[in-house]
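Read the structure below first, then the notes.
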Amino acid sequence: MQKYFLCRYDELTEGQSKGFSLGDAAAGTDNVFAVMKDGEVYAYKNSCPHRGINLDWQEDQFLDPDGALIQCASHGALFVIESGECIAGPCAGEALTPVPIEHTQEGLYVLLAE
1 MQKYFLCRYD ELTEGQSKGF SLGDAAAGTD NVFAVMKDGE VYAYKNSCPH RGINLDWQED
61 QFLDPDGALI QCASHGALFV IESGECIAGP CAGEALTPVP IEHTQEGLYV LLAE
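Counted from 1, the sequence shown has number 68 at position 68 by UniProt numbering; the numbering is strictly sequential.
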């Protein structure tokens, strides 16, 4: 597993989503995003299960207008923040790929398979 620093705790606030580019893009390292809901942080690979494209069109915009669900900007699929399960759209029943999070004194890290 490769460990990547995401951000300090004060850089991700309640109801906010944030995208991250990890490692060397030329090496095919994944992009991920994180969402804080009810004090918990959830992280997923930034890839819609429908087409494998990034979920965001605008930087750090991964949530629906109410901030209640993750939304794919391409076709509007909606995903539960806590589980990544798609509940509406062309990939209903599929799910986002979760990324393990590690909490440290410095902040949040994600762990990705090498």
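By construction, the Cβ of each residue, glycine as well, lies at the ideal position given by its N, Cα and C atoms.
Computed from a prediction, not measured in an experiment: that's the story for all the values here.
Classify residue i as buried or exposed, calling it buried when 16 or more other Cβ atoms lie within 10 Å of its own Cβ.
i: LYS3; result: exposed
i: LEU6; result: buried
i: residue 143; result: Residue 143 falls outside the range modelled here, since the chain spans only 1 to 114, and no answer is possible.
i: ASP38; result: exposed
Candidates the options: which alpha carbon is nearest residue i's?
i: TYR9; options: ALA113, GLY89 and GLU102; result: GLU102
i: ILE35; options: GLY67, TRP57, SER21 and GLN58; result: Reading off the sequence shown, one finds Val at residue 35, where the question assumed Ile. Per the Cα distances, GLY67.
i: GLU59; options: SER17, LEU12 and PRO100; result: SER17
i: ILE53; options: ASP64, ASP30 and TYR42; result: ASP30
i: PRO98; options: TYR109, GLY84, THR104 and ALA92; result: GLY84
i: SER21; options: TYR42, ASN46 and GLU106; result: ASN46
i: LEU96; options: THR104, PHE33 and GLU14; result: PHE33
i: LEU111; options: GLU11, TYR42 and LEU12; result: TYR42
By Cβ distance, which residues of its chain are closer than 6 Å to residue i, with the 5 residues on each side in sequence left out?
i: CYS48; result: LEU55 and CYS72
Excluding the 5 residues flanking residue i on each side, which residues of the same chain have their C-beta closer than 7 Å to its C-beta?
i: PRO90; result: HIS50, HIS75 and ALA77
i: VAL80; result: LEU69 and ILE87
i: TYR44; result: VAL32, PHE33, GLY84, LEU96, THR97, PRO98 and VAL99
Just to confirm my understanding: we take residue i, look at its own chain, exclude 5 residues before and 5 after, and list those with CB closer than 8 Å. What are they?
i: GLN61; result: SER17 and ALA73
i: ASP64; result: ILE70, GLN71 and LEU78
- prompt: Which ranges does the beta strand (DSSP E) cover as unbroken runs of at least 3 residues, wholly within the stretch 45-113, from first to last along the chain?
  reply: 69-71, 78-80, 86-88, 101-103 and 108-112
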